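S.K.: These protein sequence lines are chains A and B, in that order.
Oh and the first sequence: position 255 is 255 in our numbering, straight run, nothing missing.
Oh and the second sequence: position 160 is 160 in our numbering, straight run, nothing missing.
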Amino acid sequence: MDAITGNGKGSDAIEVRDLRRRFGPQQVLNGVNLDCPRGRITTIVGPSGCGKTVLLKHLNLLLRPDSGRINIEGLDVTRLSNRALDEVRKEFGMLFQAGALFDSMTVFDNVAFPLVESTRLGRDEIARRVREMLTNVGLEGMEHKYPSELSGGMQKRAALARALIRNPKILMLDEPTTGLDPTRTGSIHALVRDTQQRFGLTVAMVSHDVPQVFEISDRVAFMHEGKMRLTGTPAELTAANDPVFSRFLAGKAAGEGRGAGAL
Amino acid sequence: MSRIEGTIERLGALAIDNLVALGNFVTFLATALLYVLAPPYKPRLTIRQIRTIGAESFFLVALIGVFTGMVLGLQGYNTLRRFGSEGALGTVVALVLVRELGPVLAALMVTARAGSAMAAEIGSMQASEQIDALTVMAINPIQYLVSPRVVAGVLSFPLLTCVFDVIGIWGGYVIGVGLMGAPGGSYLGGIAQNLTGHDILSGLYKALVFGLVVMWVCCYKGYHAERMATGVSRATTEAVVLSSVLILAWDYFLTSILL
Numbered sequence: 001m002d003a004i005t006g007n008g009k010g011s012d013a014i015e016v017r018d019l020r021r022r023f024g025p026q027q028v029l030n031g032v033n034l035d036c037p038r039g040r041i042t043t044i045v046g047p048s049g050c051g052k053t054v055l056l057k058h059l060n061l062l063l064r065p066d067s068g069r070i071n072i073e074g075l076d077v078t079r080l081s082n083r084a085l086d087e088v089r090k091e092f093g094m095l096f097q098a099g100a101l102f103d104s105m106t107v108f109d110n111v112a113f114p115l116v117e118s119t120r121l122g123r124d125e126i127a128r129r130v131r132e133m134l135t136n137v138g139l140e141g142m143e144h145k146y147p148s149e150l151s152g153g154m155q156k157r158a159a160l161a162r163a164l165i166r167n168p169k170i171l172m173l174d175e176p177t178t179g180l181d182p183t184r185t186g187s188i189h190a191l192v193r194d195t196q197q198r199f200g201l202t203v204a205m206v207s208h209d210v211p212q213v214f215e216i217s218d219r220v221a222f223m224h225e226g227k228m229r230l231t232g233t234p235a236e237l238t239a240a241n242d243p244v245f246s247r248f249l250a251g252k253a254a255g256e257g258r259g260a261g262a263l
Numbered sequence: 001m002s003r004i005e006g007t008i009e010r011l012g013a014l015a016i017d018n019l020v021a022l023g024n025f026v027t028f029l030a031t032a033l034l035y036v037l038a039p040p041y042k043p044r045l046t047i048r049q050i051r052t053i054g055a056e057s058f059f060l061v062a063l064i065g066v067f068t069g070m071v072l073g074l075q076g077y078n079t080l081r082r083f084g085s086e087g088a089l090g091t092v093v094a095l096v097l098v099r100e101l102g103p104v105l106a107a108l109m110v111t112a113r114a115g116s117a118m119a120a121e122i123g124s125m126q127a128s129e130q131i132d133a134l135t136v137m138a139i140n141p142i143q144y145l146v147s148p149r150v151v152a153g154v155l156s157f158p159l160l161t162c163v164f165d166v167i168g169i170w171g172g173y174v175i176g177v178g179l180m181g182a183p184g185g186s187y188l189g190g191i192a193q194n195l196t197g198h199d200i201l202s203g204l205y206k207a208l209v210f211g212l213v214v215m216w217v218c219c220y221k222g223y224h225a226e227r228m229a230t231g232v233s234r235a236t237t238e239a240v241v242l243s244s245v246l247i248l249a250w251d252y253f254l255t256s257i258l259l
């Protein structure tokens, strides 16, 4: 397990310790511990409603925990003021489950948005960067389309371009392949892997595409009942013979079988 | 004993919930107003909202204004004729419009047109995580979405009220003088003589307050919409109902202060 972190700078980009959060009577995060090694893809998997998305929203401080620590590049972000947080957030890119593209703007304006709003770059420079990024994600020529005119896969690509435009160090992905067919799921996975390698990103991803997502993951954390039940490389998780994880994997396989049968 | 305790507990919880909601509601406006003053300044966002709330409401407000003025001309003429005071028609129409109906009806129409759309737009942005996306991009969503709308509302409502008043007075003239035969000279002369600056200002103060209240309520309701389709529709309905009620309630208080 430590072999992964050993060849980097020796520390983790994100460290979560004993993170707890309660919504009403429900303890959604119940002491989560997680390490995301720098320059690697860490994938959080688990049954629906186990708290994966809530955890991701804590990592980028959209939600504040009741207790626990989140260290990002050594900085405990749970103690930061909103203004200080905004500085940290500039190092993040986030891809939301449904893309969260601004539907009143074209693809170009969506991708340019973070640069237009929070940098002093000139119009030509912004246009150059946006075109380059759209080419990176395979959306050249789509600048003037609106999100509603794009397919689900293209929307994800546009949202990924927007998340990457400010050259973040950390990329967070919330179920990047929801609603996509297996072919497009594969191509989004390949894009995530390529992007991560090209920009040397630290990726924290929540996914339900088990076991396909294992192919691109350096590290997998299996979340169950508000905490991490297993963490390690995909091979280590599969070899662990944990009954709950095995049931989860089998359930996923059965679900896919039913889905295919229905088609 | 335990039933009494339970009832008290529930009442207490209800009171706390409502107090928290009220606190959130007030903090929301205070934050939006603070961010009006804080950099980065984005005048283009405010100008865009003035176009949406103000310019695009122009024809609706003008239409309602002309019909209101026409009905005032008709009713006013028939009522005043009983007392032989047709000459006061202009004064009556102008005072009713400028002091009362102009700000209230213009505000209600803009609530129906722009306020509802605003609550729905912000609500669906909340539902589809676009507001979260703004936060993650280190762009304050209240400063980006709410502050420009509040400023635009405060600037647009008084201007729309002026449009309403002027067109309403013209509508009253067309019907009262043109159709019913009230004396045209005393219609306009009465207005010039009896409509004071205080009358006009009190109407504009009202419009300014309504602008603030409507934008506050509609943005708040949209911003706190539940993240689902029914949540957005409920937020829109609540925004329009609460805005309308507050317009009429504030109208009473402002009238009693400004009279």
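In this text, a Cβ means the ideal position worked out from N, Cα and C, and glycines have one as well.
Remember, predicted model here, so these are calculated numbers, not experimental data.
Among residues of its own chain, excluding the 5 on either side of residue 2 of chain A, which ones have a beta-carbon nearer than 6 Å to its beta-carbon?
M.R.: Note that residue 2 of chain A scores a pLDDT of 37, beneath 50, so its modelled location is shaky; the value from the coordinates is reported in the next line. Nothing meets the Cβ criterion.
S.K.: Do we get a CB-CB distance below 8 Å when we pair residue 89 of chain A with the residues of chain B?
M.R.: Yes, its Cβ sits closer than 8 Å to a Cβ of chain B.
S.K.: Report, in whole angstroms, the separation of the C-beta atoms of residue 89 of chain A and residue 60 of chain A, which I expect to be a contact under 8 Å.
M.R.: Contact flag correct, Cβ pair sits at about 7 Å.
S.K.: Establish whether the CB of residue 136 of chain B and some CB of chain A are separated by less than 8 Å.
M.R.: With 8 Å as the cut-off, residue 136 of chain B counts as an interface residue toward chain A.
S.K.: Taking the alpha-carbon positions, what's the residue 184 of chain B to residue 144 of chain B distance?
M.R.: So the two alpha carbons sit approximately 50 Å from each other.
S.K.: Whole angstroms are fine: how far does the CA of residue 2 of chain B sit from the CA of residue 127 of chain B?
M.R.: One C-alpha to the other measures close to 41 Å.
S.K.: What number of angstroms, rounded off, separates the C-alpha of residue 245 of chain A from the C-alpha of residue 36 of chain A?
M.R.: Cα to Cα, the separation comes out at about 20 Å.
S.K.: Can you tell me whether residue 18 of chain B is buried or exposed? The criterion is at least 16 other CB atoms within 10 Å of its CB, across all chains shown.
M.R.: The residue is exposed, with fewer than 16 neighbouring Cβ atoms inside 10 Å.
S.K.: Quick one, which residues of the segment 226-258 of chain A are near chain B if we go by CB-CB under 8 Å, in chain order?
M.R.: Listed by position, the residues of the segment 226-258 of chain A near chain B (Cβ gap below 8 Å) amount to none.
S.K.: Can you confirm whether residue 118 of chain A, when its beta carbon is compared against all beta carbons of chain B, has any partner nearer than 8 Å?
M.R.: Closer than 8 Å: yes.
S.K.: CB-CB under 8 Å to residue 78 of chain A, same chain, minus the five flanking residues each way: which ones, in chain order?
M.R.: Contacts found: 61, 64, 65, 68, 69 and 70.
S.K.: Sorted by chain position, which residues of the same chain lie with C-beta nearer than 7 Å to residue 54 of chain A's C-beta, five sequence neighbours on each side aside?
M.R.: Same-chain partners within the cutoff: 21, 28, 29 and 63.
S.K.: Candidates B/24, B/66, B/63 and B/86: which alpha carbon is nearest residue 190 of chain B's?
M.R.: Measuring from the Cα of residue 190 of chain B, the nearest candidate turns out to be B/86.
S.K.: Could I get the ranges of all uninterrupted beta strand (DSSP E) runs contained in the segment 74-120 of chain B, with 3 residues as the minimum, in chain order?
M.R.: As far as the segment 74-120 of chain B is concerned, it has no whole beta strand (DSSP E) run of at least 3 residues.
S.K.: Which term fits residue 252 of chain B, buried or exposed, when burial requires 16 or more other beta carbons within 10 angstroms of its beta carbon?
M.R.: Answer is exposed; the Cβ neighbour count stays below 16.
S.K.: Excluding the five sequence neighbours on either side, which residues of its own chain have a C-beta within less than 7 Å of the C-beta of residue 217 of chain B, listed in chain order?
M.R.: These residues qualify, in order along the chain: 239, 242, 243 and 246.
S.K.: Going along chain A, which residues have a C-beta under 9 Å from residue 86 of chain B?
M.R.: Near residue 86 of chain B there are no residues of chain A at all, since even the closest Cβ is about 53 Å away, more than 9 Å.
S.K.: Against chain A, does residue 156 of chain B count as a neighbour if the rule is that its beta carbon must be under 8 Å from one of theirs?
M.R.: With 8 Å as the cut-off, residue 156 of chain B does not count as an interface residue toward chain A.
S.K.: If we cut at 8 Å on Cβ distances, does residue 120 of chain B have a partner in chain C?
M.R.: Note that chain C does not occur in the displayed structure, where the protein chains are A and B.
S.K.: State the CB to CB distance for the pair residue 134 of chain A and residue 111 of chain A, rounded to an integer number of angstroms; the pair is presumed to be in contact (CB under 8 Å).
M.R.: Contact holds; Cβ gap of about 6 Å.
S.K.: Taking the alpha helix (DSSP H) that residue 154 of chain A belongs to, which residues open and close that run?
M.R.: Looking at the DSSP string, the run of the alpha helix (DSSP H) that includes residue 154 of chain A is 152-164.
S.K.: If contact is defined by three or more beta carbon pairs under 8 Å, each pair taking one atom from either stretch, is the segment 33-52 of chain B in contact with the segment 160-180 of chain B?
M.R.: No contact exists between the segment 160-180 of chain B and the segment 33-52 of chain B.
S.K.: Quick check on the burial criterion: 16 or more other C-beta atoms within 10 angstroms. Buried or exposed for residue 229 of chain B?
M.R.: Its Cβ having fewer than 16 others within 10 Å, residue 229 of chain B is exposed.
S.K.: Along chain B, in chain order, which residues have C-beta atoms closer than 8 Å to that of residue 161 of chain A?
M.R.: Within 8 Å Cβ-Cβ: nothing; residue 161 of chain A doesn't reach chain B, min ~13 Å.
S.K.: Counting C-beta neighbours from all protein chains within 10 Å, is the total for residue 232 of chain B 16 or more, i.e. buried, or is it exposed?
M.R.: Buried, by the Cβ-count rule.
S.K.: Any idea if residue 58 of chain B is buried or exposed, counting beta-carbon neighbours within 10 angstroms, 16 or more meaning buried?
M.R.: It is exposed - the Cβ of residue 58 of chain B has fewer than 16 other Cβ atoms within 10 Å.
S.K.: State buried or exposed for residue 9 of chain A, treating a residue as buried only when at least 16 other CB atoms are found within 10 Å of its CB.
M.R.: Any reading at residue 9 of chain A is ruled out, since the residue's pLDDT is 45, under 50, leaving its predicted position unreliable.
S.K.: Does any CB atom of chain A fall closer than 8 Å to the CB of residue 17 of chain B?
M.R.: Cβ-Cβ to chain A under 8 Å: no for residue 17 of chain B.
S.K.: Please tell me whether residue 136 of chain B and residue 142 of chain A are closer than 8 Å, where the distance is taken between their beta carbons.
M.R.: No, the Cβ-Cβ distance between residue 136 of chain B and residue 142 of chain A is not below 8 Å.
S.K.: Indicate whether at least one CB of chain A lies closer than 8 Å to the CB of residue 38 of chain B.
M.R.: By this cut-off, residue 38 of chain B is not an interface position.
S.K.: Of all the options B/197, B/15 and B/64, which has the alpha carbon lying nearest to the alpha carbon of residue 109 of chain B?
M.R.: Checked all of B/197, B/15 and B/64; the closest Cα to residue 109 of chain B is B/64.
S.K.: Suppose you measure from the CA of residue 78 of chain B to the CA of residue 149 of chain A; what does that come to, to the nearest Å?
M.R.: Whole-angstrom Cα-Cα distance: 58 Å.
S.K.: Are residue 161 of chain B and residue 84 of chain B touching if we call contact CB-CB under 8 Å?
M.R.: No, they are not a contact pair.
S.K.: Using beta carbons (cut-off 8 Å, strictly below), is residue 171 of chain A in contact with chain B?
M.R.: No, its Cβ sits nowhere closer than 8 Å to a Cβ of chain B.
S.K.: Can you tell me which of the three DSSP states residue 218 of chain B falls into?
M.R.: If DSSP states are grouped into helix, strand and coil, residue 218 of chain B belongs with the helices.
S.K.: By the three-class DSSP mapping on this structure, what secondary structure does residue 43 of chain A have?
M.R.: Residue 43 of chain A falls in the strand class under three-state DSSP.
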